[in-house]
Amino acid sequence: MALLNFADVRGYRALDAQACRVAGSALTERYASASPFPHIAIDDFVPREILRDVLTDFPARREQTAFDRHQERLKYQFSPQQCGSAVIRNLFSELNSAAFLGFLQELTGIDGLIADPYFAGAGLHETMPGGHLGIHADFNRHRAMNLERRLNLLIYLNDDWEDGYGGALELWDNRMTACEQRIAPILGRAVIFNTDLDSYHGHPDPLACPVGRSRRSIATYYYTVPRNADFGIERETQFRVRPVSDDRRDWKMILHHVMQDWTPPALRKGRRGALLPRLLSR
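Take the sequence shown: its letters are residues 732 to 1013, numbered as in this note's numbering.
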């Protein structure tokens, strides 16, 4: 039986707020004590029949462009707004609901969580054979809402996934010296984790699944009002290099952060702010 179940409300699948809070509170200690940073992997997170319905309605890649650079290759991303499926839209709506926020708040101890109606960077993800996502820490500011990113939720959609296919989610220590956790992306498994500036994660090795297969997942992210009045350090996605690997540094983003930290505000705002994008585009 799934951890979280849905009631049928005239054809709409809805989570129960009280049941969500009870389920979250039962896992609080396990979440907080996890290493290398607070996280949890939960099998049978939601009913598999819902996830199989999502797979049936999974969008085609015809009009999508994949990420294709050294740090992130052959990965497609679909916003829920791009999906004509009532099943998919219903599920994302509930993952943004007050009931589900209650589950997350009980689980993580983070109060005041805010869902993202824009699904910035979130939605349905698909990585093709040979693709990968380098080890990274996520962007920490939602610019449209000026909120601080605090949590990631991933739900995997890969039935009959073999270990030899690769694609396990890796969680690395904050010094990038070792991978402490590898979590296989099997159907029904959810992973929830804190997103701090040193929450390093990814699936960095090329997928070895056969042609015709891909690594699919659901991703949603959650925010709070910034903990520091001035927001502290603002960062875009930061890719890191694993020891003894052929990983490449993301020099463009490194330069962006250096200039962001050291350029006077007057050069980053207003008309003169055009200087910074011009330099970064070279």
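Positions of the beta carbon are idealized from the N, C-alpha and C atoms, including for glycine.
Pairwise C-alpha distance: residue j and residue i
| i | j | result |
| --- | --- | --- |
| PRO916 | ARG947 | 8 angstroms |
| LYS806 | ALA754 | 32 angstroms |
| VAL922 | ARG741 | 30 angstroms |
| THR951 | GLY854 | 6 angstroms |
| ILE949 | LEU884 | 8 angstroms |
| ARG971 | ASP739 | 44 angstroms |
| PHE737 | ILE773 | 17 angstroms |
| GLU760 | HIS801 | 38 angstroms |
| PRO957 | HIS770 | 21 angstroms |
| GLY727 | ILE866 | Only positions 732 to 1013 of the chain appear in this structure, which leaves residue 727 out of reach. |
| TRP903 | GLY919 | 23 angstroms |
| ASP842 | PHE798 | 34 angstroms |
| ILE914 | LEU900 | 5 angstroms |
| LEU832 | TYR762 | 16 angstroms |
| ALA745 | ASP978 | 43 angstroms |
| ASN905 | PHE823 | 31 angstroms |
| LEU835 | GLN795 | 31 angstroms |
| MET876 | ASN959 | 15 angstroms |
| ASN925 | THR955 | 12 angstroms |
| LEU864 | GLU967 | 15 angstroms |
| ALA748 | ALA846 | 15 angstroms |
| THR787 | TYR743 | 18 angstroms |
Residue closest to residue i, alpha-carbon to alpha-carbon, out of the options
| i | options | result |
| --- | --- | --- |
| LEU758 | GLY840, PHE809, THR796, ALA791 | GLY840 |
| PHE789 | ARG761, ASP799, ILE819 | ILE819 |
| MET732 | SER766, ARG779, GLU760 | ARG779 |
| TYR887 | ILE964, HIS856, SER976, TYR896 | HIS856 |
| LEU782 | ASP890, LEU882, SER828 | ASP890 |
| ALA868 | GLY933, ALA960, ASN959, GLY963 | GLY933 |
| CYS814 | ALA829, ALA748, ASP784, THR968 | ASP784 |
| ARG804 | SER945, ARG966, TYR953 | SER945 |
| SER976 | ALA909, ASP929, SER930 | ALA909 |
Enclosing beta strand (DSSP E) for residue i [first to last residue]
| i | result |
| --- | --- |
| THR858 | 854 to 868 |
| GLN836 | From DSSP, GLN836 is part of no beta strand (DSSP E) but of the alpha helix (DSSP H) over 829 to 839. |
| ALA745 | 743 to 746 |
| GLU879 | 878 to 887 |
| LEU900 | 900 to 903 |
| PHE798 | 798 to 800 |
| GLN808 | 803 to 809 |
| ASP739 | 737 to 740 |
| ALA772 | 770 to 773 |
Start and end residues, alpha helix (DSSP H) containing residue i
| i | result |
| --- | --- |
| ASN821 | 817 to 826 |
| TYR762 | 759 to 763 |
| GLU780 | 779 to 787 |
>> Just to confirm the assignment: which complete beta strand (DSSP E) runs, minimum length 3, are found wholly within the segment 912 to 976?
In response: If we require 3 residues or more, the beta strand (DSSP E) runs fully inside the segment 912 to 976 come out as 921 to 925, 931 to 934, 946 to 955.
>> Would you call the segment 859 to 873 in contact with the segment 928 to 947, where contact means no fewer than 3 C-beta pairs closer than 8 angstroms?
In response: Yes: the two stretches touch, three or more of their Cβ pairs being nearer than 8 angstroms.
>> Under 8 angstroms: do the segment 765 to 778 and the segment 793 to 811 share three or more Cβ pairs, one atom per stretch?
In response: Cβ pair count under 8 angstroms is below three, so no.
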